[in-house]
Each structure stands twice: as structure tokens, then as C-alpha cells.
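Trainee:
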Amino acid sequence: MKLLLLLALSFTALAQNIKIEEPYIRLLPPSAPNTGGFMLIKNESDKDIKLISAESSLSKALEMHTMISEKGMMKMREVKDIKIKAKSSTSLKPGGLHLMFMGLKRPLKKDEKVKVTLKFSDSSSLDVEFPVLNK
Amino acid sequence: MKKVRKIVIPVVLIFLSLLIFRYILSVDKDYNIPQMPTGSNFSFDKNDRKIQLSDFKGKVVALYFGFTFCPDVCPSMLSTLSSIYKKLDTKQKKDFQIIFITVDPQRDRQKKIDDYTKFFEPSIIALRGSVQHTKRVAKTFGVNFSKYYPQKDSRNYVIDHTTYAILLDRNNEISEFIPHDESGDVIEKLILNELKDKK
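As given, the protein sequences belong to chains U and V, one line each in that order.
In case it helps, numbering that gives the first Met the number 0 puts the first sequence at residues 0 to 134.
In case it helps, numbering that gives the first Met the number 0 puts the second sequence at residues 0 to 198.
1. Just checking: is the beta-carbon of S30 of chain U within a distance shorter than 8 Å of some beta-carbon in chain V?
2. Does chain U have any CB closer than 8 Å to the CB of H179 of chain V?
3. Roughly how far, in whole angstroms, is the beta-carbon of K92 of chain V from the beta-carbon of Y84 of chain V, given that I think they are within contact range, below 8 Å?
4. How would you call N42 of chain U, buried or exposed, if buried means at least 16 neighbouring beta carbons within 10 angstroms?
5. Out of curiosity, what's the CA-to-CA distance linking S122 of chain U and F14 of chain V?
6. Please list the residues of the stretch 84 to 100 of chain U that have a C-beta atom closer than 9 Å to any C-beta atom in chain V, keeping them in chain order.
7. Buried or exposed for G57 of chain V, going by 16 or more other Cβ atoms inside 10 Å?
8. Take P93 of chain U as the anchor and find which of U:P106, U:A14, U:L26 and U:S44 has the nearest alpha-carbon.
9. For chain U, find out if any of its Cβ atoms is closer than 8 Å to the Cβ of K111 of chain V; answer yes or no.
10. Using only CA atoms, which one of U:K46, U:H64, U:D45 and U:S44 lies nearest to S52 of chain U?
11. Does any C-beta atom of chain U lie closer than 8 Å to the C-beta of N143 of chain V?
12. Going by C-alpha to C-alpha distance, which of V:F99, V:F68 and V:S81 sits closest to I50 of chain V?
13. Is the CB-CB distance between F119 of chain U and L50 of chain U below 8 Å?
Below, the structure is given as C-alpha cells:
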């Protein structure tokens, strides 16, 4: 019985307390090797949750990045996770936190939808369709 | 006596090192006082042709230092500048030039930056030179950039860089520094204003 319970727990649950709004991937020229993904992540639960990873078949690697401004220079750095506080939201937007699709396997097409799997610290996960937008 | 020495010597050493540290800090500070960049008449070779900033005297120029690996800030600025350009009338278009200079010449070949900028607006002029040359030119506009390796493997790097665009008047003099997060409306006003000024 214990084993069963453990098994059940180890299956990733769907993240029901997390809502994603306005996800999009930025359309870039075919010669661009990378692109960014943006969205608003809402945490409707009463516990802080972290986005711990994102996966997609669009690029060789998918990382979470932030932009740091230092002495007038913008520095892009990888972050381990992105925190979404309880009953709050975190915005991934240009010039700040974003998903970084590194090494695009193919050129992007406007308005196509790209599936991204988001994994959270409460071991839940969420599949999100990101439209490719020119904005 | 020995005991006293044991205490005094480290204290003196700490005091001395603090003094030296302060000195280094203050030197660094003096060194860092920013001077207003004045720009320069740069020159780059493009497809066996020499392109100089002074070729565009009489036009308003928006200058941007960026690179194609940049997923975020560079395309935002290029796309904003391009959409403003597209809205101009024929006369204004003739009087306005967007110039893109890559800060990543190692990965950004000429064709790559041409294709890249064409996507935003075909009239953009994309320039590429050696790292040293680009650094020198960039510095005159107050733009700095350097490589950063997230992992210790030497292949993948990102570039930390100054992200403002520079608006130059018809005499190639710097008129505005435009922060990357400035709104499109404000940038449009700045450009239209500059286009109005017939000095």
C-alpha cells in the first residue's frame, strides 16, 4: 500500500493552482540562433511555488534567464528557478526574466504554436502552447 | 613582549591593507567618472566598400550596437526603430538611417547580420569589424561590451553590453541616448523632433 502511495505521488500532477497568461515566443529572423519566451505565471495556491525547469523540442536547450543591469550594461544570466509567491504572480517579459530557447532547431513561423512543458517545485507540471508572435 | 608583538603586527598589517584597499577603491572611483561620449566618425568595410558615419551627414541616424545571439533587448530596439521608420513619409525616410553594428563579429558574419536586420527593415545598414575596432568605435559612443561564459566550456558565451541606442543629428553629433526600455511613442517623438530640426 505504501509503495502504491509512493508511486502515485511520484507521478507528476497537473499544476492546477498555476495559471499561465499571455504566453508567447518572440518571432525572430531565420538567422537568429536563439529566442525568448514570455508569460505571466499566476500562483493561486497559498504556498510559494518555483518554476524549476522548462522543456521544449524547439531548441537544443531551454534555460531560464534574467537580465541584470549593471553600470549601464545589460547582463543576461541563467537562473536556477523562478519564484512565484503565494496568491501572486511573476511576469516573464522582455528586458527581464524570460525563457531562453538556445540553439533553435528550425526557423520560427509566425503564429505557429510551440508546446512547452513547465515543471514546478511542487512536482506538478503544465503543458503550455506558446504562440510565436512578432512583437 | 612576544605576546604584544603577536597582536601588534597583525593589527598594523590589517590597518595597512585597509589603507591600500581604500586607495585602490578611490583610484577606481576617479577612473570611473563617466565622461559624456562624443561619438566618432567610424568607418567599417562592407562587401569591399568603406562605409563611414560621415556618409550620412545630412541625415538623422539611429545607431545601435547589438548581436544576433541576443534574444531580447536587441530585437526589441531594432523592431521599435524599424516600425517607426516604416511609419515615416517618403521625404522623412530619405532623411533617416538606422545603422546596426555587431558586437559579436566572431559569430555574426556579414551575411548573418544582413539577413537579421533585413527581417526588421531592409534599409537598415548592418556593419561588422574586428572586435578591437568595434570596441574602439563603441567606446566613443559610451558603449561597452564583453564576453561572458556561463559554463567553463569555451564555446557558448553571451555578451554583456550597453543597450541604449544613439540618436545622431544631421551633423553626426549625438543628440540622444535612448534606453532599451524606452517606450516606442517616446522614441518616435525623439526621432520626429530630430527630423524636424533642419540645422
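We put the CB at the ideal spot given by N, CA and C, even for glycine.
Mentor: This is what the structure holds:
1. yes
2. So, interface residue.
3. The Cβ separation is near 7 Å, so the contact holds.
4. buried
5. 52 Å
6. P93, G94, G95, H97, M99 and F100
7. exposed
8. U:L26
9. Among the residues facing chain U, K111 of chain V is included, as its CB has a counterpart in that chain under 8 Å away.
10. S52 of chain U has its Cα closest to that of U:H64, out of U:K46, U:H64, U:D45 and U:S44.
11. yes
12. V:F99
13. In terms of Cβ geometry, F119 of chain U and L50 of chain U form a close pair [threshold 8 Å].
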